[in-house]
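Here the structure comes first, spelled out in structure tokens, and everything after it is commentary.
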Amino acid sequence: MAPELQIPEPNSCPEPCCVALEAPTLTEPRRSLAAVHYEEGQKQGQRVVLGTGGFGRVELVRAQLFALKRIRKDWVVRTRQQEHMLTERRVLARSRCPFIVGFFGSFRDAQHIYLLLEFCQGGELWTKLREVRCFEEPLAVFCSACVVEGLEYLHGHGIVYRDLKPENLMLDQLGYVKLVDFGFAKELERGEKTFSFCGTPEYLAPEMLCHEGHDFAVDFWMLGILVFEMLVGRPPFHSTDPQKIYSRILDGIFSFPAFLSEAACSLIAKLCRRRPGQRLGNTASGIRGIKKHRWFGAIRWKRLALRQMEAPTIQLLKEVGMECGMGDAGGAGGLALTPPPRAPPMPTSSGTRLIRRQWRRSFRDGMRSSDGNGTAVGPALEGQ
4 MAPELQIPEP NSCPEPCCVA LEAPTLTEPR RSLAAVHYEE GQKQGQRVVL
54 GTGGFGRVEL VRAQLFALKR IRKDWVVRTR QQEHMLTERR VLARSRCPFI
104 VGFFGSFRDA QHIYLLLEFC QGGELWTKLR EVRCFEEPLA VFCSACVVEG
154 LEYLHGHGIV YRDLKPENLM LDQLGYVKLV DFGFAKELER GEKTFSFCGT
204 PEYLAPEMLC HEGHDFAVDF WMLGILVFEM LVGRPPFHST DPQKIYSRIL
254 DGIFSFPAFL SEAACSLIAK LCRRRPGQRL GNTASGIRGI KKHRWFGAIR
304 WKRLALRQME APTIQLLKEV GMECGMGDAG GAGGLALTPP PRAPPMPTSS
354 GTRLIRRQWR RSFRDGMRSS DGNGTAVGPA LEGQ
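Here this note's numbering is used: the sequence shown runs in plain steps of one and ends on residue 387.
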């Protein structure tokens, strides 16, 4: 009989911000208690797969509910994902925030690297969004507010996220949203810029496309795209061709459907301003400017940070047994496994020239958008 093990608390706390803790690297030789605990869980019955992918899978640990992210070492080496893996582990180990997925530890064997994570019973936000097509505004407001809390914590600890999208947001059993997947995260000093080309094509900020350096402001652009997608059911610059997506991003033209509220249009337009320094969240008022926007009028931020608000997302959660219904990656309570992030397709040579022309023109013309009737509304919202 194996000895009883004490599993540490995950990276969550009642306060929205706590002191960051440094963590050891993956290469330090040690036998993790989490590994022993997982081995005990295997003895209790058939393993339950939460999600699968071409490189690995996530399984349910039975004795206590965890999500085990398992990644093949040969895949990491072959695709040169070592730095992304180390970054993800380092950021997770440092974070202590109720809006970031809990991290219990990491271990390895001859073939795999394992990350033992909090099991988010509510499943992936992307799956819920596809089930209902688009969210009603109260749902989108609450989900966005949780994301704002997560971004505030990360930025306060010098971390830019860079991969915000519905696929990287999970719901816990209470309906609260948590950020997951930190392979594209980057530790930055204030005033510093980075030049990596990474992220999801439809969510890329203009300055990332032009390789002119980017910073924390890209997360606010992506937040605007996320709000649009939750309310409309698709990103504003949608296309199956990445080059067309890039061109549309730099043109800055998209339509606000007529059913969107004026407050939602205002928030999106302010988050998706062309100049990073003018984006809501990246001005002198900082992220407080986002929290004070009228679209978030129903949010009580102190109560949200303490997880004392009733989550309207609870209606999205389906009642499922813990021993069944988890074999499908996208099922309720499941964890859809995506590979560690890889860079989006680079713009073509002709596309690069077009991008630079569009980028220069965008600063002259500003962001242009239209409502469902084709009426220009973007510039009119700039001052609101």
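Cβ coordinates follow ideal geometry from the N, Cα and C atoms, glycine included.
- Contact check for PHE107 against LEU128 fails: the beta carbons are separated by 8 Å or more.
- By the Cβ neighbour-count rule, SER199 is exposed, with fewer than 16 other Cβ atoms within 10 Å of its own.
- Membership of ILE228 in the alpha helix (DSSP H) is indicated by the continuous run 220-235.
- LEU319 has its alpha-carbon roughly 12 Å from the corresponding atom of CYS137.
- Taking 3 residues as the shortest admissible run, the stretch 252-284 contains the following complete beta strand (DSSP E) segments, listed from N- to C-terminal end: 256-259.
- Judged by DSSP in its simplified three-state form, ILE103 adopts strand.
- Just so you know, the alpha carbons of ARG193 and GLY161 end up roughly 7 Å apart.
- Separation of GLY202 and PRO169 (C-alpha to C-alpha, rounded to the nearest whole angstrom) is 13 Å.
- According to the DSSP assignment, PHE69 belongs to no alpha helix (DSSP H) but to the beta strand (DSSP E) extending over 69-75.
- Exposure of LYS295 is indicated by the presence of fewer than 16 other C-beta atoms within 10 angstroms of its C-beta.
- Bounds of the alpha helix (DSSP H) holding GLY159 are 140-159.
- It is roughly 7 Å from the alpha-carbon of TYR164 to the alpha-carbon of ASP222.
- Of the residues assessed, GLY59 falls on the buried side of the cut-off, its CB having 16 or more other CB atoms within 10 angstroms.
- Annotation for GLU210: the continuous alpha helix (DSSP H) segment containing it runs 209-212.
- Between the alpha carbons of GLN311 and ARG276 lies a gap of roughly 33 Å.
- In terms of Cβ geometry, VAL150 and VAL180 form a close pair [threshold 8 Å].
- Counting along the chain, the unbroken beta strand (DSSP E) around ILE116 starts and ends at 115-121.
- Rounded to whole angstroms, VAL52 and GLN85 show a C-alpha spacing of 25 Å.
- For MET312, there is no enclosing beta strand (DSSP E), as DSSP marks it with neither H nor E.
- DSSP places VAL183 outside any beta strand (DSSP E), giving it a letter other than H or E.
- Here GLU91 carries a helix assignment [DSSP, helix/strand/coil].
- At the C-beta level, VAL230 and ILE290 stay beyond 8 Å of one another.
- Separation of the CB atoms of LEU226 and LEU263 is rounded to 16 Å, and the pair is thereby denied contact status at 8 Å.
- Setting aside the 5 residues that flank it on each side, PHE185 is surrounded in the same chain by THR90, GLU91, VAL94 and LEU95, each with a C-beta closer than 7 Å to its C-beta; the list follows chain order.
- VAL79 counts as buried, since at least 16 other C-beta atoms from the protein chains shown sit within 10 angstroms of its C-beta.
- Taking a C-beta distance under 8 Å as the contact criterion, PRO209 and LEU172 do not qualify as a contact pair.
- Assignment of beta-bridge partners to ILE290 by DSSP yields no partner.
- Membership of THR203 in any beta strand (DSSP E) is not indicated, and neither H nor E is assigned to it by DSSP.
- Taking C-alpha positions only, GLY280 is separated from HIS241 by approximately 25 Å.
- One thing to note: ASP166 has its Cβ no nearer than 8 Å to the Cβ of GLY125.
- DSSP, reduced to helix, strand and coil, places PHE240 outside both helices and strands of the structure shown, so it counts as coil.
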